[in-house]
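Colleague: Heads up: the sequence shown begins at 290 in the numbering used here, then just goes up one per residue.
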Amino acid sequence: MATKYIFVTGGVTSSLGKGIISASLGRLLQAHGYNVTIQKLDPYINVDPGTLNPYEHGECYVTEDGAETDLDLGHYERFTGIHTTQANNVTTGRIYQSVINKERRGDFLGKTVQIIPHITDEIKRRIKLLGGNNKYDVVITEIGGTVGDIESLPFIEAVRQLKWDLGPGNCLVVHLTLVPYLSATGELKTKPTQHSVKALLENGIQPDILVLRTEKNLTTDIRKKVALFCNVEMEAVMQSIDVSTIYEVPLLLQKEKFDLIVLKKLNLPPKENPQLKEWKDFVNRIKNPNSVVKIGLVGKYVELHDSYKSINEAFVHAGAMNRCKVDLQFIHSEDIEKGDVNELLGSLNGILVAPGFGDRGIEGKILAAQYARENHIPYFGVCLGMQCAVIEFARNVLGLKEAHSTEIVRNTPYPVIDLMEDQKGITNKGGTMRLGAYPCNIKKGSLAWEAYGKVKVSERHRHRFEFNNQFLKAFEKAGMIATGINPDTNLVEIMEIPSHPWFVGVQFHPEYRSTVKEPHPLFVAFVKAALEYKEKTGREKSMKKDTTRVPS
Ligand code: GLN
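1) Tell me the residue span of the alpha helix (DSSP H) that contains Pro481.
2) If you measure from each residue's Cβ to the nearest non-hydrogen atom of the ligand GLN, which ones come out under 5 Å, in chain order?
3) Roughly how many angstroms lie between the CA atoms of Gln676 and Pro558, to the nearest whole one?
4) For the pair the stretch 677 to 696 and the stretch 799 to 806, tell me if three or more CB-CB distances fall below 8 Å.
5) Go to Leu317, then tell me how far its alpha helix (DSSP H) extends in each direction, as first and last residue.
6) Can you tell me the Cα-Cα spacing of Phe764 and Cys672, whole angstroms?
7) Among residues of its own chain, excluding the 5 on either side of Ser786, which ones have a beta-carbon nearer than 7 Å to its beta-carbon?
8) Could you give the DSSP three-state label for Asp331: helix, strand or coil?
9) What is the rounded straight-line gap between the Cα of Ile783 and the Cα of Ser596?
10) Would you call the CB atoms of Gln712 and Arg753 closer than 7 Å?
11) Compute the distance between the beta-carbons of Gln483 and Phe518, then report whether it is under 7 Å.
12) Report the start-end ranges of each beta strand (DSSP E) in the stretch 468 to 547 that is 3 residues or longer and not cut off at the edges.
13) Whole-angstrom Cβ separation of Glu681 and Ile655, contact assumed at under 8 Å?
14) Per DSSP, His693 is paired with what?
15) If distances are taken between C-alpha atoms only, which option among Asn730, Glu626, Glu602 comes closest to Glu800?
16) If you measure from the CB of Lys598, is any heavy atom of the ligand ZN nearer than 6 Å?
17) How big is the Cα-Cα spacing for Val500 and Lys554?
18) What does the Cβ neighbour count give for Glu561, buried or exposed, with the cut at 16 atoms within 10 Å?
19) Helix, strand or coil: how does DSSP classify Leu637 here?
20) Check the C-beta distance from Ala814 over to Glu739 and give it rounded, since I have them as a contact under 8 Å.
21) Kindly confirm or deny that the stretch 567 to 575 and the stretch 498 to 513 touch, where touching means at least three C-beta pairs closer than 8 Å.
22) Check the C-beta distance from Asp331 over to Gly437 and give it rounded, since I have them as a contact under 8 Å.
23) For Glu632, does the count of other Cβ atoms within 10 angstroms reach 16, so buried, or fall short, so exposed?
24) What are the partner residues of Gln618, as DSSP defines its beta bridges?
25) May I ask which residues mark the beginning and end of the beta strand (DSSP E) holding Pro808?
26) Counting beta carbon pairs with one atom in the stretch 403 to 415 and one in the stretch 358 to 365, are three or more of them shorter than 8 Å?
27) With 16 as the cutoff for other CB atoms within 10 Å, does Lys544 come out buried or exposed?
28) Under 8 Å by Cβ, that's how I've got Gly670 and Leu637 pegged, so tell me the actual separation to the nearest angstrom.
29) Alpha carbon to alpha carbon, how far is Ala525 from Gln319?
30) Does the beta-carbon of Trp568 have 16 or more other beta-carbons within 10 angstroms, so that it is buried, or is it exposed?
31) Runs of 3 residues minimum, wholly inside the stretch 708 to 741: which ones carry the beta strand (DSSP E) assignment?
32) Would you mind reading off the limits of the beta strand (DSSP E) that contains Lys293?
33) For Gly420, which of helix, strand or coil comes out of DSSP?
34) Roughly how many whole angstroms lie between the Cα atoms of Ile774 and Thr374?
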């Protein structure tokens, strides 16, 4: 069967959740037995989002093959469980870069190189590349930005041409818009949707399906009105109502028969009983937790929660596995430097120190690691969070007061975290870190081994600096041991303190691999440890209360 293509565009405003709609559609099609992949086209000129400040664009997601990508790819993987690659995220910058490289090579044989056809052809090539080997039944392509933006025009034009090339039945356009609710008059308004569809039509695209984001249920009248004015069949107008968890979106869209309409329009047979039982169980567990644990996420980009998207979601998955809600408290590492550590961290059941770059707030992260170690609070250090735990241990247990990472203090006398030889000559920032999946051997009997239940794993990386093996003996003698090692390079991937209830630092990013189907074992184990810690400290507190009670 030739691959079918679905394009997801957005109108009215940004942040309506095109990524979640695309991921949900992917999951629904899988439930009908189809092989899908999801791609994101981003209209900015950065070649990839790797060099973007998280405040600008949220987290940078990393794929198995080491691509630094838009965070929506994280949603695609979490919902579908399918690995994405560099080909799944294409920016305007990447398109231009390849067209300009071709021009320099002389591939255009004297022709004037133009947006149409050269840029649009390159966009079309990138879209078709994914479906090229017929590996997928359906390729879903999400077009970033909002219809009407100057910068997304070439993408919209490429979609128009592809729609014409492929013909009906092989391709369709889903357009996501907003139906705002005016509380003053108590009305839902369809005009922005009409205008947004008009903008699409001006670019030659008639959407096949409209998904309307709304905070109130749409009446039949509203659906009829939108269908009539936007030239879309009534059954192809559906709502996507605000929900408490994004994982409910596929189920609600299924209620709207989104899957059936898409399949009908693509001439693909539906399954009578689409496979969504596990998904429903998962949503059920999120919505009905038995308990709550309070976990602190210590970082420096905490004002924008999207900066830690994958960590956030990994906690949702791990919470569901443990039948508890993870109440994630975002704590600014600079506040720890300035404030009262006890007050900020004292009531937490677990502490995660987040990934990051540069010196801002680093001492706060080191203090958080110290607080967790000394107070026996479960600790999970991710990438920079692992490096901070190592620095803290060097300073306060090994007595190397000036220990640091050479990322922060280049000439530290104790470079416990240091740059590897092959990173030393690199000056370009984009795409030059240790990126993507690397193997890791786990030490039997360790906390990591208990969590994974195996000795060979593979995890994704995004960093330049590493644990300096010259110090390993001293660390292990003093009680912090390496329990995960890269078998090819001998680099330390996991550090643990066996005398602590749960203290694990990982040089890689486990959060990128956590999905609904396979919550990450380390997050699951960390949440479990936090639950146990909460129960234990709760018991201790009530015992204390008991002994101080005055007998009557
Ligand atoms: N800045 C550190 C490094 O480059 C950690 C990076 C991270 O946390 N992703 O090694």
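All residues carry an ideal CB built from backbone N, CA and C; glycine is no exception.
Just so we're clear, the structure is a prediction, and the values are computed from it rather than from any experiment.
Modeller: With the structure as the only source:
1) Taking the sequence shown and counting its residues from 1, one reaches residue 481 at position 192. 480 to 491 is the extent of the alpha helix (DSSP H) around Pro481.
2) Pro644, Phe646, Cys672, Leu673, Arg751, His752, Arg753, Phe754
3) On the sequence shown, position 387 is the one that residue 676 refers to. On the sequence shown, position 269 is the one that residue 558 refers to. If I take the Cα positions, the gap works out to 52 Å.
4) no
5) As a position in the sequence shown, residue 317 is number 28, starting the count at 1. Taken as a continuous stretch (DSSP letters only), the alpha helix (DSSP H) holding Leu317 covers 307 to 320.
6) In the sequence shown, residue 764 corresponds to position 475, counting from 1. In the sequence shown, residue 672 corresponds to position 383, counting from 1. The alpha-carbon atoms of Phe764 and Cys672 are separated by roughly 18 Å.
7) The residue given as residue 786 occupies position 497 in the sequence shown. Strictly speaking, residue 786 in this sequence is Ile, with Ser absent from that position. Only Arg662, Gly768, Met769, Phe792 meet the Cβ criterion.
8) Mapped onto the sequence shown, residue 331 falls at position 42. Asp331 falls in the strand class under three-state DSSP.
9) Locating residue 783 in the sequence shown gives position 494, counting from the first residue. Locating residue 596 in the sequence shown gives position 307, counting from the first residue. Distance between the alpha carbons of Ile783 and Ser596 is about 23 Å.
10) Here residue 712 refers to the residue found at position 423 when the sequence shown is read from its first residue. Here residue 753 refers to the residue found at position 464 when the sequence shown is read from its first residue. Contact flag set, yes.
11) Here the question's residue 483 lines up with position 194 in the sequence shown. Here the question's residue 518 lines up with position 229 in the sequence shown. Against a cut-off of 7 Å, the Cβ pair of Phe518 and Gln483 comes out as a contact.
12) 498 to 503, 526 to 530
13) Residue 681 sits at position 392 when you count from the first residue of the sequence shown. Residue 655 sits at position 366 when you count from the first residue of the sequence shown. About 5 Å separates the two Cβ atoms, so the contact holds.
14) For this step, residue 693 is matched to residue 404 along the sequence shown. In DSSP, His693 forms a bridge with Pro704.
15) Within the sequence shown, the letter at position 511 stands for residue 800. The residue with the shortest Cα to Cα distance from Glu800 is Glu602.
16) No copy of the ligand ZN occurs in the structure displayed; its ligands are the ligand GLN alone.
17) To locate residue 500, count along the sequence shown from 1; it is residue 211. To locate residue 554, count along the sequence shown from 1; it is residue 265. Spanning the two alpha carbons is a distance of roughly 15 Å.
18) In the sequence shown, counting from the first residue as 1, residue 561 sits at position 272. Result: exposed.
19) For the purposes of this step, residue 637 is taken as residue 348 along the sequence shown, with counting starting at 1. Three-state result, Leu637: coil.
20) As a first step, residue 814 is located in the sequence shown; it is residue number 525 there, counting from the start. As a first step, residue 739 is located in the sequence shown; it is residue number 450 there, counting from the start. The pair is a contact, with the Cβ atoms about 7 Å apart (cut-off 8 Å).
21) no
22) Mapped onto the sequence shown, residue 331 falls at position 42. Mapped onto the sequence shown, residue 437 falls at position 148. Contact flag wrong, Cβ pair sits at about 17 Å.
23) Mapped onto the sequence shown, residue 632 falls at position 343. Burial call: exposed.
24) For this step, residue 618 is matched to residue 329 along the sequence shown. Partner residues in the beta bridge of Gln618, as assigned by DSSP, are Gly585.
25) Walking along the sequence shown from the start, residue 808 turns up at place 519. Per DSSP, Pro808 belongs to no beta strand (DSSP E) and is neither H nor E.
26) no
27) Along the sequence shown, one-based indexing puts residue 544 at 255. Answer is exposed; the Cβ neighbour count stays below 16.
28) Taking the sequence shown and counting its residues from 1, the one referred to as residue 670 is at position 381. Taking the sequence shown and counting its residues from 1, the one referred to as residue 637 is at position 348. Rounded, the Cβ-Cβ distance is 15 Å, inconsistent with contact.
29) Translated into the one-based positions of the sequence shown, residue 525 becomes position 236. Translated into the one-based positions of the sequence shown, residue 319 becomes position 30. Going from the Cα of Ala525 to the Cα of Gln319 covers about 20 Å.
30) Position 279 of the sequence shown, counting from 1, holds the residue named residue 568. By the neighbour-count rule (16 or more Cβ atoms within 10 Å), Trp568 is buried.
31) 723 to 731
32) On the sequence shown, position 4 is the one that residue 293 refers to. 293 to 299 is the span of the beta strand (DSSP E), which, as asked, contains Lys293.
33) The residue you call residue 420 lines up with position 131 of the sequence shown. Note: Gly420 maps to helix in three-state DSSP.
34) Against the sequence shown, residue 774 aligns to sequence position 485. Against the sequence shown, residue 374 aligns to sequence position 85. In this structure, the CA atom of Ile774 is about 25 Å from the CA atom of Thr374.
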